[in-house]
Amino acid sequence: MDTLISLGVLAATGCSLNALFFGGAGDPDMRMPFELWGSTGRYRAELYLEVAAGVTTFILAGRYLEARAKRQSGAALRALMSLGAKDVAVLYDGESGRIESRVPIEQVKVGDQFVVRPGEKVATDGVVVSGSSAIDTSLLTGESLPAEVSEGDAVVGATVNVGGRLVIRATRVGADTQLAQMARLVEAAQSGKAEVQRLADRVSGVFVPFVLGLAVVTAVWWGATGAEAETGFSAAVAVLIIACPCALGLATPTALLVGTGRGAQMGILIKGPEVLESTRRVDTIVLDKTGTVTTGQMSVRAVLAAPGETEAEVLRMAGALEAASEHPVARAVVSAARTSVGAAAPTELPHVEDFANAAGLGVTGVVEGHAVAVGRHTFVLAQLGGSAPPSAETVPVTLNEGARAGEDAGQTVVWVGWAGRVRGAVVVADSVKPTSSEAVAGFRALGLTPVLLTGDNAAAARHVATQVGIDSSSVIAEVLPVDKVAEVQRLQQEGRVVAMVGDGVNDAPALAQADLGLAMGTGADVAMEASDLTLVRGDLRVAVDAIRLSRSTLRTIKGNLFWAFAYNVAALPLAAAGLLNPMLAGACMALSSLFVVANSLRLRGFEPRCSSSS
237 MDTLISLGVL AATGCSLNAL FFGGAGDPDM RMPFELWGST GRYRAELYLE
287 VAAGVTTFIL AGRYLEARAK RQSGAALRAL MSLGAKDVAV LYDGESGRIE
337 SRVPIEQVKV GDQFVVRPGE KVATDGVVVS GSSAIDTSLL TGESLPAEVS
387 EGDAVVGATV NVGGRLVIRA TRVGADTQLA QMARLVEAAQ SGKAEVQRLA
437 DRVSGVFVPF VLGLAVVTAV WWGATGAEAE TGFSAAVAVL IIACPCALGL
487 ATPTALLVGT GRGAQMGILI KGPEVLESTR RVDTIVLDKT GTVTTGQMSV
537 RAVLAAPGET EAEVLRMAGA LEAASEHPVA RAVVSAARTS VGAAAPTELP
587 HVEDFANAAG LGVTGVVEGH AVAVGRHTFV LAQLGGSAPP SAETVPVTLN
637 EGARAGEDAG QTVVWVGWAG RVRGAVVVAD SVKPTSSEAV AGFRALGLTP
687 VLLTGDNAAA ARHVATQVGI DSSSVIAEVL PVDKVAEVQR LQQEGRVVAM
737 VGDGVNDAPA LAQADLGLAM GTGADVAMEA SDLTLVRGDL RVAVDAIRLS
787 RSTLRTIKGN LFWAFAYNVA ALPLAAAGLL NPMLAGACMA LSSLFVVANS
837 LRLRGFEPRC SSSS
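In structure tokens form, the structure reads like this:
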């Protein structure tokens, strides 16, 4: 790009020096009036030093403003890099107990425990060892509401503790932290080249030699018409300067800088500029169910009690027995039981003796002198001394009807029995995220067809699909991880361009197979590695904004390329016809570059339509 400007400035300077020392430019009666527009008039021994100085001034001024704009557009990346804490209070074992020592963040190792007081930043990624508090994650995720954390919860470095004192065990440090990974993704995306940029490079490779030839032809043509050499020279210099494709070269990098930086502020990480091309073509979006559309955490939806029993008693006995189990369903039952009886600790539920776990079937034990069984209906009946399927004699009709309704809705029914009878049932289900239906509507507004893909049973999948607004014909259930890849391939073979949103290890192959992979940042690292876009928050609505932002960035790039190229094509005939003073040509060229930068900076005002930060 600098070739044309350098040749123009050097030519103007060289010819001016020749006229000054060897021509008539130094004659006492020499007059050369300044003209804004080009002229075919005849002047003897004209000087073009003002052209060389003016063009250089305009170019440097334009470059300064471009550099300033780039610094502003790269502010998001610099903000990410500066978010982390600089030092941390690490706990060490001393002679008189545990002592705190404040050390630079670089000295923290995996496994170290450190203290975070209210108002301080979490030094690095870790797990809460003790204490409870609220963590402000807005700087990283854009989520406006602080998240409550307690013992066992994971926290991310650079977030702010706004509540109580926390002791955290470091799990990832240095370049492995989520903050560092975010910064690397943003930097890689900003420095890469999209397909449209490679096209611009190829155009420039042909355009520059063409302009050099046009400048020579312009000078020769003016000479052939009988005009003085100065006239032809002025037109040729104007051609060289006006055609400089600076704006063409700035079209993609500036839009990428601003777009990816804005994405980072919103919790959207774009792995590379080629991802932008994929978002334009996508017409089908495949959604994993568990952890993506749903919370991935089981919760009690209903408690059914047999005649003569209370729901609270059924839940209390079931919770007491399940407290010794680590199964996700067991945790849901225990959590509901503690809430029901107002318990704050497991010891406040009845004590369990002779606990036994039958994998995949249920658990048994003795609670308050009763032999209690919790699990599948056949398992519970067998433990209570029966072998026949549930009937009116062994299981009350009301329980059967309630359980059947839960199973038809795709929910899990846990039966509870003691003292030789089935006493009740607990209905457990995964909860749909409250924002998922809004996200599905957002996908449809973008022209995408949502498809629900899950390994869960068909009833549960259809129930979730109905809740979020996905057609039952677009539900693919009971698939293994390898089958997820096959289903994505099948959709692609039908001629669809497929995007996939997932969060688990089992989603990674499908994310890699899809034309566009979007990973929830709350999921597994392998899923994020296999994806093209990472959504730091677990809110599916961010996926809608991610696609919108990517498409908007791509539109900005194409708009920049169009105007930059159209400007050059339109201005070249004027310059060749001698209607542009070279200095004015330099000013116009600088303004075209500034126009491209200003157009790209409009992306800084991109506002999410769906996410809660809006």
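The numbering of the sequence shown is our numbering, which starts it at 237 and goes up by one. Ideal placement from N, C-alpha and C gives every residue a C-beta, glycine not left out. The model shown is predicted, which means the values in this text are computed figures rather than measured ones.
Run through DSSP, which three-state label would V518 get? V518 falls in the coil class under three-state DSSP.
For the region 526–543 against the region 663–677, are there 3 or more C-beta pairs whose distance is under 8 Å? Enough Cβ pairs lie closer than 8 Å, so yes.
Excluding the 5 residues preceding and the 5 following A807 in the sequence, name in chain order all residues of the same chain whose CB lies nearer than 6 Å to its CB. If we look at A807 and ignore the five residues flanking it on each side, its Cβ neighbours are I478.
If we require 4 or more residues per run, which alpha helix (DSSP H) segments fall completely within the region 703–757? Fully enclosed alpha helix (DSSP H) runs of 4 or longer: 717–729, 744–749.
Measure the alpha-carbon distance for V762 versus G738 and round it to whole angstroms. Model confidence at V762 stands at a pLDDT of 47, short of 50, so the residue's coordinates are unreliable; what they give is reported in the following sentence. Going from the Cα of V762 to the Cα of G738 covers about 11 Å.
Are there 16 or more other CB atoms within 10 angstroms of the CB of P489, so buried, or fewer, so exposed? Around the Cβ of P489, a 10 Å sphere holds 16 or more other Cβ atoms; the residue is buried.
Contacting residues, own chain, Cβ-Cβ under 8 Å from Q533 (five flanking each side not counted): Its chain contains P564, A568, D666, S667 as the residues whose beta carbon lies nearer than 8 Å to that of Q533, once the 5 sequence neighbours on both sides are disregarded; these appear in chain order.
By the DSSP assignment, the alpha helix (DSSP H) with G244 in it spans what residues? Counting along the chain, the alpha helix (DSSP H) containing G244 begins and ends at 238–258.
Taking 8 Å as the cut-off, does the region 636–645 touch the region 587–598 (at least 3 CB pairs, one atom from each stretch)? Judged by Cβ distances under 8 Å, the region 587–598 makes no contact with the region 636–645, as fewer than three pairs qualify.
Would you kindly work out how many angstroms separate the C-alpha atoms of G388 and R401, rounded to a whole number? About 15 Å.
Which ranges does the beta strand (DSSP E) cover as unbroken runs of at least 3 residues, wholly within the region 463–549, from first to last along the chain? The qualifying runs are 504–506, 520–524, 530–541.
Quick one, which of V704, G691, T685, S369 has its alpha-carbon nearest L727's? Scanning V704, G691, T685, S369 for the CA closest to the CA of L727 turns up T685.
Alpha carbon to alpha carbon, how far is E513 from L682? Give it in angstroms, no decimals. Straight across, the Cα-Cα distance linking L682 with E513 is about 15 Å.
Alpha carbon to alpha carbon, what distance is there between G503 and V339? C-alpha separation (whole angstroms): 30 Å.
In whole angstroms, what is the alpha-carbon distance linking T770 and D751? Cα to Cα, the separation comes out at about 15 Å.
Name, in chain order, the residues that DSSP records as bridge partners for D323. P340.
Could you tell me the alpha carbon to alpha carbon distance between T515 and E545, rounded to whole angstroms? Those two C-alpha atoms are separated by around 56 Å.
Under 8 Å between the Cβ atoms of S829 and L486? Contact: yes.
Return the CA-CA distance between V398 and V391, expressed in angstroms with no decimal places. The alpha-carbon separation between V398 and V391 amounts to approximately 13 Å.
Should P445 go down as buried or exposed, given a rule of 16 or more other Cβ atoms within 10 Å for buried? Taking all protein chains shown into account, P445 has fewer than 16 neighbouring C-beta atoms within 10 Å of its C-beta and is therefore exposed.
Three-state class that DSSP yields for G814 in the structure shown: Note: G814 maps to coil in three-state DSSP.
Are there three or more Cβ pairs, one per stretch, closer than 8 Å when the region 454–467 is compared with the region 788–805? No: fewer than three Cβ pairs fall under 8 Å.
When the Cα atoms are used, what is the spatial distance from A695 to Q703? Taking the straight line joining both Cα atoms gives about 13 Å.
Considering V663, what are the terminal residues of the alpha helix (DSSP H) in which it resides? Here V663 belongs to no alpha helix (DSSP H); instead the beta strand (DSSP E) covers 657–668.
Assign D707 to buried or exposed, taking buried as 16 or more other Cβ atoms, counted over all protein chains shown, within 10 Å of its Cβ. With fewer than 16 Cβ atoms within 10 Å of its Cβ, D707 is classed as exposed.
Mark Y328 as exposed unless 16 or more other C-beta atoms lie within 10 angstroms of its C-beta, in which case mark it buried. By the neighbour-count rule (16 or more Cβ atoms within 10 Å), Y328 is not buried but exposed.
How about I404 and V363: do their beta carbons lie closer than 8 Å? Cβ atoms of I404 and V363: closer than 8 Å.
Contact set for V494: own chain, Cβ-Cβ below 7 Å, skip 5 residues either direction: Cβ-Cβ distances below 7 Å link V494 to S309, S836, L837, L839, R840 in the same chain, with the five nearest sequence neighbours on each side left out; the list follows chain order.
Selection from C251, A491, K720 that minimises the alpha carbon distance to K794: Closest option to K794, Cα to Cα, is A491.
Helix or strand or just coil, what does DSSP make of H606? Secondary structure at H606: strand, using DSSP grouped into helix, strand and coil.
Counted within 10 angstroms of its Cβ, other Cβ atoms place K669 as buried (16 or more) or exposed: With 16 or more other Cβ atoms within 10 Å, it is buried.
By Cβ distance below 6 Å, which residues in the same chain neighbour A554 in space, the five residues on each side in sequence not counted? Here the set comprises V569, V610, V652, V662.
Tell me where the beta strand (DSSP E) around E384 begins and ends. Its beta strand (DSSP E) spans residues 383–385.
To the nearest whole angstrom, what separates the beta carbons of T413 and T360, a pair I think is in contact under 8 Å? Right, their Cβ atoms sit about 6 Å apart.
Span separating the alpha-carbon of A701 from that of L688: In a straight line, the C-alpha of A701 is about 7 Å away from that of L688.
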